[in-house]
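Each residue of the sequence shown is one higher than the last, beginning at 19 in our numbering.
Ideal placement from N, C-alpha and C gives every residue a C-beta, glycine not left out.
This one's a predicted model, so the numbers in the text were calculated from it and none came from an experiment.
Written out below as C-alpha cells is the structure these notes cover.
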Amino acid sequence: MTQPSETYADLLGALDHGESLPARWYTDPSILEQEMLQVFRKSWNYVGPAAELTKLGDYVTGYAGNVPVVVVRNDKGLAAFVNVCRHRRHLVMKGRGNATLMQCGYHAWTYDLAGGLRRAPRSASEPGFRLEDFPLLPIRVEALGPFVFVNLDANAPAAKDCYGPILDIIAKSGIDLATIKLHSRNEWKGRANWKAMLENYLECYHCAVAHPGFSAAIDVRPDVYTLASHGWFSSQAGRVRPAALEGKSKVELYDVKGDVAESQYHFLWPNLTININPGFPNLSVDVWLPDGATATRGFSEQYFGPGVDEGFAQSLIAFNLQVAKEDDDLTDSVQHGLVGGLPDRGRFLINSEQLVIQFQRMVARALSGVSPV
Ligand SMILES: [Fe+2]
Numbered sequence: 019m020t021q022p023s024e025t026y027a028d029l030l031g032a033l034d035h036g037e038s039l040p041a042r043w044y045t046d047p048s049i050l051e052q053e054m055l056q057v058f059r060k061s062w063n064y065v066g067p068a069a070e071l072t073k074l075g076d077y078v079t080g081y082a083g084n085v086p087v088v089v090v091r092n093d094k095g096l097a098a099f100v101n102v103c104r105h106r107r108h109l110v111m112k113g114r115g116n117a118t119l120m121q122c123g124y125h126a127w128t129y130d131l132a133g134g135l136r137r138a139p140r141s142a143s144e145p146g147f148r149l150e151d152f153p154l155l156p157i158r159v160e161a162l163g164p165f166v167f168v169n170l171d172a173n174a175p176a177a178k179d180c181y182g183p184i185l186d187i188i189a190k191s192g193i194d195l196a197t198i199k200l201h202s203r204n205e206w207k208g209r210a211n212w213k214a215m216l217e218n219y220l221e222c223y224h225c226a227v228a229h230p231g232f233s234a235a236i237d238v239r240p241d242v243y244t245l246a247s248h249g250w251f252s253s254q255a256g257r258v259r260p261a262a263l264e265g266k267s268k269v270e271l272y273d274v275k276g277d278v279a280e281s282q283y284h285f286l287w288p289n290l291t292i293n294i295n296p297g298f299p300n301l302s303v304d305v306w307l308p309d310g311a312t313a314t315r316g317f318s319e320q321y322f323g324p325g326v327d328e329g330f331a332q333s334l335i336a337f338n339l340q341v342a343k344e345d346d347d348l349t350d351s352v353q354h355g356l357v358g359g360l361p362d363r364g365r366f367l368i369n370s371e372q373l374v375i376q377f378q379r380m381v382a383r384a385l386s387g388v389s390p391v
C-alpha cells in the first residue's frame, strides 16, 4: 500500500543505493495492517522451546503476528492451532503447561488435543449443531533444533529450508543446542516500531558509540566483526577482546572467559533474534512483535549450557539488560525522529548496514506480495 508516487520497484531501487524506506512505514497503521497479512501470516513465528513440549498434553501459547496460537503435544506429535474458540472467539489456552483437554474459559467449549470439539454445553438441544463442524483451526508447526515455530501459510517453505544452516553456525560457536537449558523468560515492551528495533539489532556501526561495555567485551571493529546474509536469516559474529580475557578492560565486565570465544547475533526473518555471548555456554532469544504501528512487545528467553553457575548467569543477564537499555534509548529516539516524517528517507552506509538494507528489502518485497527472499 504505497503512496501513488512510490512504487515497490522505486523503493527497492532506492534501497540498492542506501536510501531507506519512508518514515511513514514506521507510523502508519495501514502499513502495519499489510505487515500482519503479508509478513507475519506467511512466515515462521517462534513460539517456544521444544523442551517444554516433550510430554503428552504439554502446551505453549504465543502469537503469529496478531493471531493467538497454541502448540500442543498430542499422541501424533506436535500440533498447532489458532488459540481462539470457534464459539465467541475467546482465547482458549493461557500461558504454558500440561492439559488433557483444551477448554475455553468462557462457555466451557472443550477441545481434544487434536483440536476436535468434544463438548459444548447445551449444544445437544441446538438444532443442526454438529460438534465436528467446529474444530480449532489447525496451523503448521515445525521444530528446528530446540526451537518450535508455527506458520499460518500452508504454502510457505519449511522452516528447516529457511533456517536449517543456522544450526551448524551456532554449533561452531561452541554451543551445544542439545544440552542448553531454559533459565528464565521475560516479557518486555518497546517504544518504537518493530522494524526500527530490529534494524538497530542488524548493525554494529553504533556499537562503539553507544555500547561501551559490549564494545569492551567484543571486538566491534569492522575488519573483525562480520555481517553475513543467508537469505531467510542473517548472522553477525565477533571475537572476544584479548584485553577482556585478561581482565584489562577499562569498563567493568562479566567474566568473558569460557568455552565460547565467538559471539553470534542471528536474525531469523521476520522477528526472531538469537544471541550468543563470549564466556560460558549461553544463548538468548528475543521475539519482536508489533504492538500497534509505533510500539513493540516481545519476550526473551535466556538459556545456559550444563553446569553454568548462577553467578555467571546473573552477570550475563545484567550485561544483556544493559545493552538492551542502551538500544532502547537509541530506538526511542529514532521513533521520535520518524513521527514528523522529515526527513522522509534515511541514508544507510551500504558497507556497514547491509543487513538493515536487506531487512528493508524483505519487508518491501513481502508487502508487494512476492516472497521476501
Ligand atoms: Fe545496539
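- Cβ-Cβ separation between residue 185 and residue 69: approximately 16 Å, too far for a contact (criterion under 8 Å).
- Within the DSSP bridge table, the entry for residue 156 names 99 as partners.
- In the three-state reduction of the DSSP assignment, residue 120 falls in the strand class, which pools E and B.
- DSSP, reduced to helix, strand and coil, places residue 63 within a strand of the structure shown.
- In the assembly as shown, residue 284 is a buried residue. Its beta-carbon has 16 or more other beta-carbons within 10 Å.
- Straight through space, the alpha carbons of residue 342 and residue 354 are spaced by roughly 18 Å.
- Take the alpha-carbon of residue 390 and the one of residue 161: they are about 22 Å apart.
- The C-beta of residue 193 has 16 or more other C-beta atoms within 10 Å across all chains shown, which makes the residue buried.
- Remark: the shortest separation between the CB of residue 228 and any heavy atom of ligand 1 falls under 7 Å.
- Where residue 259 is concerned, there is no enclosing alpha helix (DSSP H), because DSSP gives it neither an H nor an E.
- For residue 355, the secondary structure class from DSSP, reduced to helix, strand or coil, is helix.
- DSSP places residue 206 in the uninterrupted beta strand (DSSP E) bounded by 199–208.
- Going by C-alpha positions, residue 158 is about 42 Å away from residue 271.
- Classified as buried, residue 259 has 16 or more neighbouring CB atoms from the shown chains inside 10 Å of its CB.
- Annotated three-state conformation of residue 26 is helix, per DSSP.
- When C-alpha distances from residue 65 are compared across 41, 96, 54 and 299, the shortest belongs to 96.
- Remark: the shortest separation between the CB of residue 103 and any heavy atom of ligand 1 does not fall under 7 Å.
- Residue 129 and residue 84 have their C-alpha atoms spaced approximately 22 Å apart.
- At a Cβ-Cβ threshold of 8 Å, residue 44 and residue 207 do not count as neighbours.
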